[in-house]
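I have placed the structure first, in the form of structure tokens, so that the comments after it can refer back to it.
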Amino acid sequence: MLPDWNHDHMLVVFTGLERPDLANILGGRHEHVERLAARAKFDGKSGTMKSIPLLDDGFPGEVVFVGVGNDADHKSIEKAAVKSTAGDMLKKAGNVVVVLANDLSDKPNAHGALALGLMLGGYRFDIYRKEADRFTPPKSLSVLGLTTADLQKAEALYAGIKLARDLVNEPANILTPPEFAKRASKLADLGIDIEVLGEKQMADLGMGALLGVGQGSELESQLVVMKWLKGGEEAPLAFVGKGVCFDTGGISIKPASGMEEMTMDMGGAAAVTGAMHAIATSDLACNVIGVIGLVENMPDGRAQRPGDVVTSMSGQTIEVLNTDAEGRLVLCDAITFTKDRFQPSAIIDLATLTGAILVSLGHEYAGLFSNNDDLVARLNTASEQSGDRVWRFPLTEKFDSMLRSRVADMANIGGRWAGSITAAQFLQRFVGDTPWAHLDIAGTAYVKEPHDQGPKGATGYGVRLLVDLAAGKK
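Each residue of the sequence shown is one higher than the one before, starting from 1 at the first, in the numbering used here.
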């Protein structure tokens, strides 16, 4: 039942190509609205939007039609919902009521997808703007037909995605490694067991690869362990995230142009943290370990040099040929720590690891690398369900041989070609027989233009993928 209308209301109608049953939604006013929609030539095609002002008493001030096409599913509905809130259409809109005009009872979670899309599209990171320039959301937003269960699921996912986006969007002078660890520690309020290791503890464990990256920074490197154990006696699933809070490249310094975007080089750690938040908020019955390595890669008198040799926690030695190939050094020790301490059923690491993955896949897919076909199948299923898309790349002995070093067990780069693959080959040397997958999210964690799930900037990629994987969706 719709509320009593006043001019402060906006009605947003999501509809396909078929004529919607507006009589059930708008009562006696439906014919007037349908005539206006016809005059505006609204056809219900996916991606179309038409706004119709209505000024008569007792009716909403505006009706907005949003097209989802004839083959609407949860993905197209969510995408349309994102579009409706990503722009300025709902800015300062007052009270908004949203309806699905067509019968989509056969589409699972259609209303939940609608609610999540509205939340994702309405995301803004504007806390450092003056208040007058900040986005003003509607006073209220109601989705008719939305169940409490679907709302709670959408809210849990959005909270995790929002956390990941906020972490990636934060400037590096605010989100330092210690500050990131502090924020991740707040997940203890959700029932997650938190452990934070400082540099002395990591040194005692032999994490020379991770510590070598951070030794040029005045800020202490951190390793944060997040444990959610609600799945009985089964071995945990482990998520490992690269958390380079700012990456100058170190002594192998990056060009000045674009370096400011290296605040996003902790996108893997943000995704893991956001996923752990969503898993706990959803109270999933599973065992999941999240481990994030947090460092800052800076050029300093104490900084790691090209040509240095470091000893990883695994005991393997690494010749550092390029200090800007630092993420894999962070991950290799975090992976070894996770494997040895928790004996997980599988390890999935996420990292904004290589620029080469952007050349291959752009912003549409994350690169997927794995030693286990069953795990790949599970990730593909989670990808299809979540919309966080992945594309598998090969791993071979030939690529692995490109990591040979003249003085150590391996080098941290493999030459000019196949950069994303050789980075993954490097990581594979530390996983042993554990089922493992590496997701290179350098192209999906952060975008410069608005996208299907929200505005430009951090995307929160990986949160839903990991949640769906943990939930065991088939």
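Glycine residues also receive a C-beta, built at the ideal position from the N, C-alpha and C atoms. Owing to the predicted nature of the structure, the values given are computational and were not obtained by experimental measurement.
- With a beta-carbon spacing of about 6 Å, Pro178 and Glu220 fall inside the 8 Å limit used to define contacts.
- A check of alpha carbon separations from Glu261 across Asp349, Leu210, Val168 identifies Val168 as the nearest.
- In this structure, the alpha-carbon of Gly212 lies about 6 Å from that of Gln304.
- Counted as a single uninterrupted DSSP element, the alpha helix (DSSP H) harbouring Arg165 occupies residues 148-169.
- For Gly208, the enclosing alpha helix (DSSP H) begins and ends at 208-214.
- Per DSSP, the unbroken alpha helix (DSSP H) holding Pro178 starts and ends at 177-185.
- Per DSSP, the unbroken beta strand (DSSP E) holding Leu368 starts and ends at 366-370.
- With the rule of 3 Cβ pairs closer than 8 Å, the stretch 287-296 does not count as touching the stretch 309-319.
- Of Ala156, Val224, Asn372, the smallest CA-CA separation from Thr281 is found for Ala156.
- Rounded to the nearest whole angstrom, the C-alpha separation of Phe42 and Glu34 is 10 Å.
- Distance check between Lys456 and each of Thr444, Glu199, Leu466 places Thr444 closest, using alpha-carbon atoms only.
- Distance from the Cα of Ala325 is smallest, within the candidate group Leu361, Ala275, Leu403, Arg341, for Leu403.
- For Gly290, the uninterrupted beta strand (DSSP E) segment begins and ends at 287-297.
- Bounds of the beta strand (DSSP E) holding Val224 are 222-229.
- When the five nearest sequence neighbours on each side are left out, the beta carbons in the same chain lying within less than 7 Å of the beta carbon of Gly16 are those of Gly44, Val68, Gly69, Asn70, Ala72, Asn102, in order along the chain.
- A direct Cα-Cα distance of roughly 17 Å separates Thr323 from Arg406.
- Taking the Cβ atoms as the reference, Leu187 lies roughly 6 Å from Ile194, within the contact range of under 8 Å.
- When DSSP states are grouped into helix, strand and coil, Asn95 belongs to the strand group.
- Around the beta carbon of Glu78, 16 or more other beta carbons sit within 10 angstroms, so the residue counts as buried.
- Approximately 4 Å separates the beta-carbon atoms of Met298 and Ser217; this is inside 8 Å, confirming the contact.
- Using a C-beta cut-off of 8 Å, the stretch 366-378 makes no contact with the stretch 264-276, since fewer than three inter-stretch Cβ pairs fall below that distance.
- Rounded to whole angstroms, the separation of the alpha carbons of Ala93 and Lys130 is 20 Å.
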